[in-house]
Each structure stands twice: as C-alpha cells, then as structure tokens.
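S.K.: Here the first sequence stands for residues 27 to 330, numbered as in the numbering used here.
Below you will find the structure I want to go over with you.
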Amino acid sequence: MDSTHFVLAPDAPFDFEGTAYSHGWVVLAPNAWDESSGTMHRVHRLATGRVVRLELRAGEGSRSGVAVRVEHRGRLPAADRRALEADVRHMFRLGEELRPFYALCRGRGRPWNRVCGGLGRLLRSPTLFEDTVKTLCTTNVQWGGTKRMVRGLVDAFGDPWPGDPSLRAFPSAEALAAVPAAEFDARTSLGYRSAYVRELAGRVASGHLDLEDLARSDRPTVELRDELLAIKGVGPYAAATLLMLVGRYDELAVDSVFREFVAEKYFAGERPSDAQARAVYDGWGEWKYLAYWFDLWEGVTEGL
DNA sequence: TTCCAGGGGTAGA
DNA sequence: TCTACCCATGGA
Numbered sequence: 027m028d029s030t031h032f033v034l035a036p037d038a039p040f041d042f043e044g045t046a047y048s049h050g051w052v053v054l055a056p057n058a059w060d061e062s063s064g065t066m067h068r069v070h071r072l073a074t075g076r077v078v079r080l081e082l083r084a085g086e087g088s089r090s091g092v093a094v095r096v097e098h099r100g101r102l103p104a105a106d107r108r109a110l111e112a113d114v115r116h117m118f119r120l121g122e123e124l125r126p127f128y129a130l131c132r133g134r135g136r137p138w139n140r141v142c143g144g145l146g147r148l149l150r151s152p153t154l155f156e157d158t159v160k161t162l163c164t165t166n167v168q169w170g171g172t173k174r175m176v177r178g179l180v181d182a183f184g185d186p187w188p189g190d191p192s193l194r195a196f197p198s199a200e201a202l203a204a205v206p207a208a209e210f211d212a213r214t215s216l217g218y219r220s221a222y223v224r225e226l227a228g229r230v231a232s233g234h235l236d237l238e239d240l241a242r243s244d245r246p247t248v249e250l251r252d253e254l255l256a257i258k259g260v261g262p263y264a265a266a267t268l269l270m271l272v273g274r275y276d277e278l279a280v281d282s283v284f285r286e287f288v289a290e291k292y293f294a295g296e297r298p299s300d301a302q303a304r305a306v307y308d309g310w311g312e313w314k315y316l317a318y319w320f321d322l323w324e325g326v327t328e329g330l
C-alpha cells in the first residue's frame, strides 16, 4: 500500500479536535475516531471509484490545520489528490466564514468567547447524500441505533478498501439504488426508514434530485428548507439538521435532546412549548443552531 | 413485558 | 395549522 501526505491550512482560527469531535458524525461509519492519538479514520470513495483510507489529525505549528495521510494502491493521480483535498476541506469546513458568529460570541464574554478559538465548524460528510442518509438514521431512534443502521449500510453495500476489504466506504446513491428492495431490507435493519433511504437513493442516482447542487446553493434558507422537507422521511428536525450541515444555522433542530436541555436549563425542569423553547435562542439571529449547540456542549455552559 | 428514542407521514378536523 | 394514530427496530 502506498501513501501520500499533505496538510490543509485554514485561513481562519481552526481547532482540529474541536471540529472532528463536534458532534456524533465522527463515529458514524465509515468514520472512526482514535481517542488515544486524536486521529480520525475514514475509508473514502472518490468519484473515479478509487477507494482510499484517510488518516486525519491536527497539523503542526501555529497555523495548525488538517494533516492528511492517504493510503492507496498504486499511484494517486493529481486529479484524485485534488478531489481529496476538496473533500477534506468540505468535511472540516475550512472555507466557512464564521467571523460574524465569533463577533457575537466575543460580545457575550465568558464562556462564549472560547468558541472564537476555532470552534463552530461542525463535521460533515463529503456529500449531502451521505449526510441525508445519516440524518434519516437519527430519527426516532436512540444514538446506538443510528450507529448500528449506518454501520449496516456501509458493511452491506460500501466499496471495500483494497488494503483491508473488511473496511468499506460509504455506499454511493447508485450502489444503493441498484439493490432490489427485498434484498435491501433483508441486509439492513432500518425499519420503516428503509423505504425512505431507498427512495432517496433512487432519486439521487436517477438525477431527479441534485442534493449537491442544493448544498452549494445561495438561495434563501426557507427555499432550501422547503426542498429538504419534500424528501420523504425529512421533517422539521431533519431539515434543520441538514440546513446546519450545509452551513445554514437559522433553524433549530427540535428533538428530544433539545427539549430536555432547554427545559432543564431555562425552565427549571418544566417542559415549555416548542415555541417557548425556540425563543431562548431568538437573540442569535442566523446563528441559532450554533448557539444552541455550544450551549449544550459540555463545558461551554459552565459558569454561564 | 412495556416503553420509547437525536421524528415523520397521513388522515381528519 | 393542529391533533391522533401509526410506523419497524432494538435498547433499557
């Protein structure tokens, strides 16, 4: 197995571990996190069909970015390397403009100003298709179930990495769409979500739904939300999660975690209506989701 | 055994 | 717009 190394430097404050471990995505297959070395692993399929394995860790030096080690078979063409750089930059949001959010945090003093050291970049997948499938697998299920369902999809239908065929990449929409429904259901345990994932894969593979175009769009959030809500299985919670993943933070993902956290912290344990709970973050404007996330995040709430 | 999870679709008002 | 009911699965 050959390997290629490069470092991606951010042009703004950046915290590698704070980004990699910003939410549960880091442990959803084919991602994995090695606590002892602070390394994220990922088996990754390029558009050319080549499957490589990535080791991602903090770069060295004052402008620490993402140090990337790519394990691959044979020569890595320049086009594949450029595609990998783009994918890693996308996953870690190295080009995302967070200065307006940092300005709000700085204005609120401690502990919010800690965010300004490079937090606020929530890890995402290289494609909105992968993120949408994973989000569908978070609905009405405990986190352990989400991990089980995503692992099952990868193991059943992902392309194997030549260095260790037991390690697989996230399956493409085309790969999932090609599986007969009965076989798909038999080889996964998605429950009623199975039909949603199969329909999504079919629409993306056939070109009827261009999620990656939606992800790049600069149209108003409300228009993107309506498009996401038109996906079977995507409701208000999933749409808000997906908006966060494409860099729109003006919608809050109201789920059981949000409801319990806001009730405990702001309503003395009494359960408020969803509207009352949402109103807690009204002052954050287009940054509500990030504000909630770091409010929830262990440590940021201390001393508030 | 029963309940419910990082909800959503549908029908009916 | 709101509510009631149903949806598969597996952990608690």
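The beta-carbon is built from N, C-alpha and C at its ideal position, and this holds for glycine as well.
Can you name the residues that DSSP bridges to Ala58?
M.R.: Taking the first residue of the first sequence as position 1, residue 58 is located at position 32. For Ala58, which the question treats as bridged, DSSP gives the partners His67.
S.K.: So, with DSSP's three-state summary, where would you put Val272?
M.R.: The count along the first sequence starts at 1 and reaches residue 272 at position 246. In this structure, Val272 counts as coil in the three-state DSSP scheme.
S.K.: Since Glu312 and Tyr275 should fall inside the 8 Å C-beta cutoff, what is the C-beta to C-beta distance between them, to a whole number of angstroms?
M.R.: If you number the first sequence from 1, residue 312 lands on position 286. If you number the first sequence from 1, residue 275 lands on position 249. Their Cβ separation, rounded to whole angstroms, is 6 Å, which keeps Glu312 and Tyr275 in contact under 8 Å.
S.K.: Sort Arg174, Arg101, Leu322, Glu86 by Cα distance to Gly217 and report the nearest one.
M.R.: Within the first sequence, numbered from 1, the residue matching residue 217 stands at position 191. The residue with the shortest Cα to Cα distance from Gly217 is Arg174.
S.K.: Can you list the alpha helix (DSSP H) stretches of 4 or more residues lying completely in the segment 157 to 229, in chain order?
M.R.: You should have 169 to 183, 199 to 203, 207 to 213.
S.K.: Just checking my contact of Ala264 with Leu154 at CB under 8 Å: how many whole Å lie between their CB atoms?
M.R.: Against the first sequence, residue 264 aligns to sequence position 238. Against the first sequence, residue 154 aligns to sequence position 128. 12 Å between Cβ atoms; not a contact.
S.K.: Hey, Val77 and Pro152 are a contact pair by Cβ (cut 8 Å); roughly how many whole angstroms apart?
M.R.: On the first sequence, position 51 is the one that residue 77 refers to. On the first sequence, position 126 is the one that residue 152 refers to. About 13 Å; that fails the 8 Å criterion.
S.K.: Roughly how many angstroms separate the alpha carbons of Leu254 and Thr158, rounded to a whole number?
M.R.: Here residue 254 refers to the residue found at position 228 of the first sequence. Here residue 158 refers to the residue found at position 132 of the first sequence. Roughly 9 Å separates the two Cα atoms.
S.K.: Given a cut-off of 8 Å on the beta-carbon distance, is the pair Gly170 and Ala203 in contact?
M.R.: If you number the first sequence from 1, residue 170 lands on position 144. If you number the first sequence from 1, residue 203 lands on position 177. No. Outside cutoff.
S.K.: Determine the burial state of Gly144: buried for a count of at least 16 other Cβ atoms within 10 Å of its Cβ, exposed for fewer.
M.R.: Looking up residue 144 in the first sequence gives position 118. Classification of Gly144: buried, given that the 10 Å Cβ count is 16 or more.
S.K.: Nearest to Asp244 by CA position, among Val272, Ala256, Ser220, Thr267, is which residue?
M.R.: Working through the first sequence from its first residue, we reach residue 244 at position 218. Of the candidates Val272, Ala256, Ser220, Thr267, the one whose C-alpha sits nearest the C-alpha of Asp244 is Val272.
S.K.: Let me check understanding here. Comparing Cα to Cα, which of Ala241, Glu81, Asp211 lies closest to Thr30?
M.R.: Residue numbering aside, residue 30 sits at position 4 when the first sequence is read from its first letter. The option with the nearest alpha carbon to Thr30 is Glu81.
S.K.: Thinking Phe320 and Val33 are a contact (beta carbons under 8 Å), I'd like their distance in whole angstroms, please.
M.R.: Position 294 of the first sequence, counted from the start, is the residue given in the question as residue 320. Position 7 of the first sequence, counted from the start, is the residue given in the question as residue 33. At roughly 27 Å, the Cβ-Cβ gap does not stay under 8 Å, so Phe320 and Val33 are not in contact.
S.K.: Going by DSSP, which residues form a beta bridge with His31?
M.R.: The sequence position of residue 31 within the first sequence is 5, counting from 1. According to DSSP, His31 bridges with Arg95.
S.K.: Tell me the residue span of the alpha helix (DSSP H) that contains Glu111.
M.R.: Counted from its first residue, the first sequence places residue 111 at position 85. Start and end: 104 to 118.
S.K.: For Ala195 versus Val92, is the C-beta distance shorter than 8 Å?
M.R.: Locating residue 195 in the first sequence gives position 169, counting from the first residue. Locating residue 92 in the first sequence gives position 66, counting from the first residue. Going by C-beta atoms, Ala195 is not nearer than 8 Å to Val92.
S.K.: Express the C-alpha separation of Lys258 and Glu225 in angstroms, rounding to a whole number.
M.R.: Along the first sequence, read from residue 1 onward, the residue named residue 225 stands at position 199. Along the first sequence, read from residue 1 onward, the residue named residue 258 stands at position 232. Whole-angstrom Cα-Cα distance: 8 Å.
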